[in-house]
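Following our numbering, the numbering of the sequence shown begins with 212 at its first residue and continues without gaps.
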Amino acid sequence: MIRIGLTGGIGSGKSTVAAMLRDAGYPVVDADQVARDNMEPGSSVLQEVAEVFGTDILDDNGVLDRAELARRAFSSEEQTQKLNGITHPAIRRESERRLAQFEKEGARAAVYDMPLLIELGLDESMDVTVVVDADAEERVRRLVRSRGLEEQDARNRIARQIDDATRKARADVVIDNNGPLTELEPQVNELVEYIEKML
Ligand code: ATP
212 MIRIGLTGGI
222 GSGKSTVAAM
232 LRDAGYPVVD
242 ADQVARDNME
252 PGSSVLQEVA
262 EVFGTDILDD
272 NGVLDRAELA
282 RRAFSSEEQT
292 QKLNGITHPA
302 IRRESERRLA
312 QFEKEGARAA
322 VYDMPLLIEL
332 GLDESMDVTV
342 VVDADAEERV
352 RRLVRSRGLE
362 EQDARNRIAR
372 QIDDATRKAR
382 ADVVIDNNGP
392 LTELEPQVNE
402 LVEYIEKML
């Protein structure tokens, strides 16, 4: 099975491209969804997080108080790394399991939509690395308009990520999403043709 790693900065259009690839017939593992599922009540990952950050981040039903965890985990670089040290390997394991499941079900190609694909070096285990690219200013506009983020918050989040040049340097395919969706579609179609040739 061809593994297609899909990444890009916040608000670049990863989910939009992932949806188009799903429509083209490729199943998608969404790393953000995996991260949320890993924090469901009763999960072993959440248990581990609670042991490190305090069981009082869980309510009586075992539901995580996200704001409280964020306060504790983002209080220092060391605490953040502690959290990432638990969650990142867990996301990696569960994503791998889901991709293997698609393969078992007979998928010829599958997409891994992962914001941290390059940061965590997971692009190395992909057959194709696709980077969705859009200028920071355009991403800020989209994040403010459709996600309701404050402009400064959007800028801060972008600034905390790896820079676009580093990301693009690791790409096999760069999709330019600066234009309207009508300019995105033909590029995704081209990507599908490229993948089909690999099969
Ligand atoms: P995140 O990193 O936050 O998960 P993302 O990279 O998955 O974001 P999307 O959710 O696909 O990005 O896109 C961000 C927003 O911009 C969405 O509301 C989406 O509908 C919109 N968008 C994406 N591409 C375009 C485009 N070409 N023109 C206009 N709006 C777009």
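The beta-carbon is built from N, C-alpha and C at its ideal position, and this holds for glycine as well.
On a predicted model such as this, the values are computed, not experimentally measured, just so you know.
Notebook entry, point to check: Can you give the Cα-Cα distance for R378 and A261, rounded to whole angstroms?
Noted result: 33 Å
Note to self: To the nearest angstrom, how far is the alpha carbon of R304 from that of V351?
What the structure shows: 32 Å
Margin query: Suppose you measure from the CA of E251 to the CA of N272; what does that come to, to the nearest Å?
Written below: 11 Å
Check: Looking at the unbroken alpha helix (DSSP H) that takes in A230, where does it start and where does it end?
Finding: Boundaries of the alpha helix (DSSP H) around A230: 225-234.
Notebook entry, point to check: Since V240 and D324 are thought to touch, with beta carbons under 8 Å apart, how far apart are those beta carbons, to the nearest angstrom?
Noted result: 7 Å
Margin query: Less than 7 Å separating the Cβ of D243 from some heavy atom of ligand 1?
Written below: yes
Check: Who are the Cβ neighbours of N388 in its own chain at under 7 Å, not counting the five residues just before and after it?
Finding: S223, G224, V343, D344, A345, L395
Checklist line | Three-state class that DSSP yields for R319 in the structure shown | finding: coil
Checklist line | Cβ neighbours of G253 in the same chain (closer than 8 Å, five flanking residues each side left out) | finding: G273
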